[in-house]
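K.L.:
In case it helps, my numbering puts the sequence shown at residues 5 to 343.
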Amino acid sequence: MSRDTKIRVGIIGAGNIAGHHIPGYLQAADHAHVTAIADVDGERARQRAERLGDVQVFLDYREMVTSPLIDAVDICLPHHLHKDAIVAAAAAGKHILCEKPLCLTLEEADVVARAVAAAGVTLMCAHNQLFLPTVATARDMIRRGELGKVYAARTTDVFALDVTAETLGWRATRATSGGGELIDTGYHPNYLLLHLVDSVPVRVTALLTRHRLAFMEGEDTAHVLVEFADGTVGSIVTGWAYEPAGCTERFSAAGEDGSLWSDGRRLHFKPRRGEEVVVQDVGAVAPDTYALEVVDFIACLRERRRPLNTEVEGVNVLKLILAAYASAERGEVVELTNL
Ligand SMILES: NC(=O)c1ccc[n+]([C@@H]2O[C@H](COP(=O)([O-])OP(=O)(O)OC[C@H]3O[C@@H](n4cnc5c(N)ncnc54)[C@H](O)[C@@H]3O)[C@@H](O)[C@H]2O)c1
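(1) Could you check which residue in G152, R48, L197 and G182 has the C-alpha nearest to that of L326?
(2) Flag D45 as yes when its Cβ comes closer than 7 Å to any non-hydrogen atom of ligand 1, and as no otherwise.
(3) Given the structure, does K104 come close to ligand 1, in the sense that its CB is under 7 Å from one of the ligand's heavy atoms?
(4) Who are the Cβ neighbours of R143 in its own chain at under 7 Å, not counting the five residues just before and after it?
(5) Would you mind working out which of E247, A33, R52 and T126 sits nearest A96, comparing C-alpha positions?
(6) Jot down the residue ranges of each uninterrupted beta strand (DSSP E) in the stretch 283 to 332, minimum 3 residues, whole runs only, in chain order.
(7) Look up W265 in the DSSP assignment and give the residues it is bridged to.
(8) By a C-beta neighbour count over all protein chains shown, 10 Å radius and 16 as the cutoff for buried, is P72 buried or exposed?
(9) With a threshold of 16 other CB atoms inside 10 Å of the CB of V44, please say whether the residue is buried or exposed.
(10) Residues in the same chain with beta-carbon distance under 8 Å from S6, minus the five sequence neighbours each way, listed in chain order, please.
(11) Given this structure, state the Cα-to-Cα distance separating D234 from V282, to the nearest angstrom.
(12) Along the alpha helix (DSSP H) that carries S71, what are the first and last residues, could you check?
(13) Determine whether the beta carbon atoms of V59 and I41 lie at a separation below 8 Å.
(14) Nearer than 7 Å: is that true of the beta carbon of C80 relative to any heavy atom of ligand 1?
(15) In the structure shown, what three-state DSSP assignment does V91 receive?
(16) Taking just the CA atoms, how far does L212 sit from G23?
(17) Check this for me: beta carbons of G190 and D224, under 8 Å apart or not?
(18) Thinking C-beta only, is A123 closer than 8 Å to A94?
(19) In chain order, which continuous runs of the beta strand (DSSP E) of length 3 or greater are located wholly inside the stretch 88 to 150?
(20) So, is V38 buried or exposed, given that buried needs 16 or more other C-beta atoms within 10 angstroms?
(21) Roughly how far, in whole angstroms, is the beta-carbon of P248 from the beta-carbon of T160, given that I think they are within contact range, below 8 Å?
(22) Under 8 Å between the Cβ atoms of N320 and C129?
(23) R50 and I26 - do their beta-carbons sit closer together than 8 Å?
(24) Output yes or no for whether 8 Å exceeds the beta carbon distance between C80 and G17.
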């Protein structure tokens with residue numbers, strides 16, 4: 005790290021999500037600052053830099069990554085560029101916050117895992133929904149056994165995305181997105197399910213549909229069923245095609261002794277033989293999970309603490325999604341050991 009003790013971060017990709025990460029760096033200003041931004045669109049990088057003061061702009065992220073200006077990178081690139089950026093940053097000894105998905109294939113996952121291990125750097129997956137306070141509470145309740153043996157868990161992320169082929173851009177084609185909605189917004193309910201269920205996934209089946217966004221190469225909606233080693237059945241519903249029914253929860257879990265569910269802000273618990281209670285209510289304004297994630301990334305580096313999700317969990321999420329794609333393509337249930 006730098007001698008001024010502040011962690012110096014270089015953002016790679018100055019698009020939409022970079023704008024959501026920047027408030028996190030401003031909140032962590034006592035311990036970190038963004039010293040560089042790289043984007044092939046120099047004007048966009050300069051616009052992002054305006055809120056940050058003295059920031060050097062690079063058109064080629066490889067130059068930024070090898071420069072002594074930074075200790076860590078924040079990868080906010082289109083999906084097909086994640087692997088190369090991770091490898092370049094790791095090779096330069098820089099710590100990494102990487103937007104989802106970690107990468108696109110098992111071969112890429114292998115390269116990423118080896119690059120991070122060889123460099124001994126910290127990689128944190130930007131799984132922002134794990135920073136919802138209700139998620140942390142629900143996970144603790146499940147692990148404390150408050151639901152008894154868990155039989156079923158469900159995670160969802162569904163909304164009506166108003167886009168055209170032009171505005172969807174690199175997300176509309178498989179070569180640059182890696183699939184369709186499931187490997188994009190759908191990444192969130194996948195990591196959320198793995199975070200909540202206290203077991204390992206073994207088998208996956210999926211139905212992918214293109215209800216409305218006909219110009220997409222991939223699916224605009226996905227229904228995925230996951231069987232875990234302990235018998236828990238997980239289900240994921242995710243999509244960009246429609247507004248979900250009002251009763252659709254963000255996540256839920258049900259077991260022999262009770263159930264819990266949440267819209268992300270309020271967490272409900274209903275013991276099997278008791279009254280429903282609201283266990284947690286974070287209020288009307290949703291917490292800024294992007295800022296919380298960035299602040300935690302900086303804290304992990306300072307405290308030399310393992311992030312909640314590293315490349316290990318990132319690869320596990322990717323495997324679940326690749327299994328869902330394989331299941332839809334083959335029309336069969338896919339064992340995770342048979343990808
Ligand atoms: N966690 C979330 O909720 C969330 C939300 C949106 C996006 N994301 C993720 O963030 C990432 C970026 O998405 P976005 O919406 O910001 O995309 P975007 O298209 O708005 O931004 C991507 C940026 O990368 C730049 N870029 C492209 N190729 C480059 C290269 N070779 N070198 C440097 N810069 C390059 C583009 O010019 C653009 O500014 C994706 O991984 C996406 O899945 C996450």
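Don't be surprised by glycine CBs; every beta carbon is placed ideally from N, CA and C.
P.N.:
In terms of the structure at hand:
(1) Indexing the sequence shown from 1 puts residue 326 at position 322. Cα-wise, what sits closest to L326 is G182.
(2) Walking along the sequence shown from the start, residue 45 turns up at place 41. Under cutoff, so the answer is yes.
(3) In the sequence shown, counting from the first residue as 1, residue 104 sits at position 100. Yes, Cβ of K104 sits closer than 7 Å to a heavy atom of ligand 1.
(4) Locating residue 143 in the sequence shown gives position 139, where the first residue counts as 1. These residues qualify, in order along the chain: H199 and L200.
(5) Here residue 96 is taken as the residue at index 92 of the sequence shown, counted from 1. Here the closest residue by C-alpha is T126.
(6) Taken in chain order, the complete beta strand (DSSP E) segments of 3 or more residues contained in the stretch 283 to 332 number zero; there are none.
(7) On the sequence shown, position 261 is the one that residue 265 refers to. Note: W265 sits in a beta bridge opposite S256 and H272.
(8) Residue mapping note: residue 72 aligns to position 68 of the sequence shown, counting from 1. So P72 counts as exposed.
(9) Working through the sequence shown from its first residue, we reach residue 44 at position 40. Counting Cβ neighbours within 10 Å, V44 comes out exposed, since fewer than 16 surround it.
(10) For this step, residue 6 is matched to residue 2 along the sequence shown. Note that S6 scores 48 on pLDDT, short of 50, meaning its location in the model is unreliable; the coordinates nonetheless yield the value given after this. These residues qualify, in order along the chain: R12 and D75.
(11) Here residue 234 refers to the residue found at position 230 when the sequence shown is read from its first residue. Here residue 282 refers to the residue found at position 278 when the sequence shown is read from its first residue. The straight-line gap from Cα to Cα measures roughly 28 Å.
(12) Counted from its first residue, the sequence shown places residue 71 at position 67. Segment: none, S71 is in no alpha helix (DSSP H) and carries neither H nor E.
(13) For the purposes of this step, residue 59 is taken as the residue at position 55 of the sequence shown. For the purposes of this step, residue 41 is taken as the residue at position 37 of the sequence shown. For V59 and I41, yes; Cβs fall inside 8 Å.
(14) Residue mapping note: residue 80 aligns to position 76 of the sequence shown, counting from 1. It does: the Cβ of C80 is within 7 Å (strictly closer) of some heavy atom of ligand 1.
(15) Stepping through the sequence shown from its first residue, residue 91 is reached at position 87. Looking at V91 - three-state DSSP - the assignment turns out to be helix.
(16) Position 19 of the sequence shown, counted from the start, is the residue given in the question as residue 23. Position 208 of the sequence shown, counted from the start, is the residue given in the question as residue 212. Those two C-alpha atoms are separated by around 31 Å.
(17) Within the sequence shown, numbered from 1, the residue matching residue 190 stands at position 186. Within the sequence shown, numbered from 1, the residue matching residue 224 stands at position 220. No.
(18) Against the sequence shown, residue 94 aligns to sequence position 90. Against the sequence shown, residue 123 aligns to sequence position 119. Going by C-beta atoms, A94 is nearer than 8 Å to A123.
(19) 99 to 102 and 127 to 129
(20) Mapped onto the sequence shown, residue 38 falls at position 34. Looking at its Cβ environment, which holds 16 or more other Cβ atoms inside 10 Å, V38 is buried.
(21) Mapped onto the sequence shown, residue 248 falls at position 244. Mapped onto the sequence shown, residue 160 falls at position 156. With a Cβ gap of about 7 Å, P248 and T160 count as contacting.
(22) Within the sequence shown, the letter at position 316 stands for residue 320. Within the sequence shown, the letter at position 125 stands for residue 129. Against a cut-off of 8 Å, the Cβ pair of C129 and N320 comes out as no contact.
(23) Taking the first residue of the sequence shown as 1, we reach residue 26 at position 22. Taking the first residue of the sequence shown as 1, we reach residue 50 at position 46. No.
(24) In the sequence shown, counting from the first residue as 1, residue 80 sits at position 76. In the sequence shown, counting from the first residue as 1, residue 17 sits at position 13. Cβ distance < 8 Å, so C80 and G17 count as in contact.
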